[in-house]
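In this note's numbering, the protein residues as written are 2 to 112. Please read the structure below before turning to the comments.
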Amino acid sequence: MTDEFVTANVQIGKCGICCSYCPLFRSKKCPGCSSLPSCQIRSCSNKNNLKSCFFCEEFPCKLFEKGFPWDLSEFSTSKNPPKEIVQWKPYSETYIAFFKRYKEQKKNENK
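This is the structure:
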């Protein structure tokens, strides 16, 4: 079983990114969530037994708001790739703010 899930023949990563549309994934340069153990989003989602972070009550959490340092050399096909650390944030601050507003509206509707 993979860590991604498929809906309507589209593969979705743990973080919600559409792998099927990603050029790295399509060109086989990204192995997908199953092979990226250093991804903190993947680790958290697995720990909480979730297919995707979107199913988590805490989404969007600090991993999405602040991101986390990730060594992109995992994606390299070189034997000794140079470390390339980035602050990984899959979504923009605008999207996070929009999702928080939507979540708050839903919460208020259920009161």
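Note that beta-carbon positions come from the ideal geometry of N, C-alpha and C, so glycine has one too.
Nearest-angstrom Cα separation, counted from residue j out to residue i
| i | j | result |
| --- | --- | --- |
| Ser74 | Glu85 | 6 Å |
| Gly14 | Glu110 | 30 Å |
| Cys40 | Pro91 | 12 Å |
| Leu25 | Cys31 | 5 Å |
| Arg102 | Trp89 | 23 Å |
| Ser1 | Phe99 | With the chain represented from 2 up to 112, any question about residue 1 goes unanswered, as that position is not in the structure. |
Residue i versus the options, residue with shortest Cα-Cα distance
| i | options | result |
| --- | --- | --- |
| Pro61 | Leu25, Cys34, Ser21 and Gly17 | Gly17 |
Whole-number beta carbon distance between residue j and residue i, since they are thought to touch under 8 Å
| i | j | result |
| --- | --- | --- |
| Cys45 | Gly33 | Actually they are not in contact, since the Cβ atoms of Cys45 and Gly33 sit about 17 Å apart, beyond 8 Å. |
| Ile97 | Phe69 | In fact, because the Cβ distance is near 14 Å, the residues do not count as touching under 8 Å. |
* Cβ contact check for the region 71-82 and the region 43-57: 3 or more pairs under 8 Å -> In this structure the region 71-82 does not lie against the region 43-57, because fewer than three pairs of beta carbons, one per stretch, are closer than 8 Å.
* **alpha helix (DSSP H) runs wholly inside the region 20-88, at least 4 long, in chain order** => 24-27, 41-48 and 63-66
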